Amino acid sequence: MSQPACPMCEMNDVLDHADRFECMTCGHEWPKEAAADEPEAERVVKDAYGNVLADGDIVAMIKDLKLKGSSEVLKVGTKSKPIRLVDGDHEISCKMDGMAIGLKACFVKKIVS
């Protein structure tokens, strides 16, 4: 692995400490985390039975869920239109019974077609 260049003076005379780098030319110090440009691991979303979900999959409800803010209930077995995975507390964005909703993956199962 090649030594990183100093962000201040761009020299390659860098000391490698346990938690930081130090430039021998100008004395600038910076943390190692900033130097590591590793891509984040791709998030894996699984349904209630451990099947990996992807964009475009179709899912079905495994239990009745009352929708917050309304008197509507999503019944067991209700199928969705193709889903979209999103970041946040509710991993799935989809349409069921004509409504756009966000669901947690633990309340659905993947429908194999």
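Take 1 as the starting number for the sequence shown in full-length UniProt numbering and just add one per residue. Positions of the beta carbon are idealized from the N, C-alpha and C atoms, including for glycine. This one's a predicted model, so the numbers in the text were calculated from it and none came from an experiment.
Compare the C-alpha of residue i against each of the options and name the closest.
i	options	result
Ile111	Asp97, Ile58, Thr78	Ile58
Ser80	Pro7, Val52, Lys95	Lys95
Pro27	Glu33, Asp19, Met11, Glu42	Per the sequence shown, residue 27 should be read as Gly rather than Pro. Nearest of Glu33, Asp19, Met11, Glu42 to Gly27, Cα basis: Met11.
Leu53	Ser93, Ala100, Ile101, Lys32	Ser93
Asp19	Gly56, Asn51, Glu33, Val86	Glu33
residue 173	Glu22, Asp55, Thr78, Leu15	Outside the displayed span of the chain (1 to 113) sits residue 173, for which this structure offers no information.
Quick check: what's the CA-CA separation for residue i versus residue j?
i	j	result
Asp97	Ala5	57 Å
Trp30	His17	10 Å
residue 177	Pro82	With the chain covering only 1 through 113, there is no way to say anything about residue 177.
Lys68	His90	13 Å
Could you give the DSSP three-state label for residue i: helix, strand or coil?
i	result
Ala105	helix
Glu33	helix
Leu74	strand
Ile83	coil
Glu22	strand
Leu67	coil
Met96	strand
Asp16	strand
Val59	strand
Val44	coil
Could you tell me whether the Cβ atoms of residue i and residue j are closer together than 8 Å?
i	j	result
Val76	Lys66	no
Can you find at least 3 beta carbon pairs, one from the segment 46–65 and one from the segment 102–110, that sit closer than 8 Å?
-> yes
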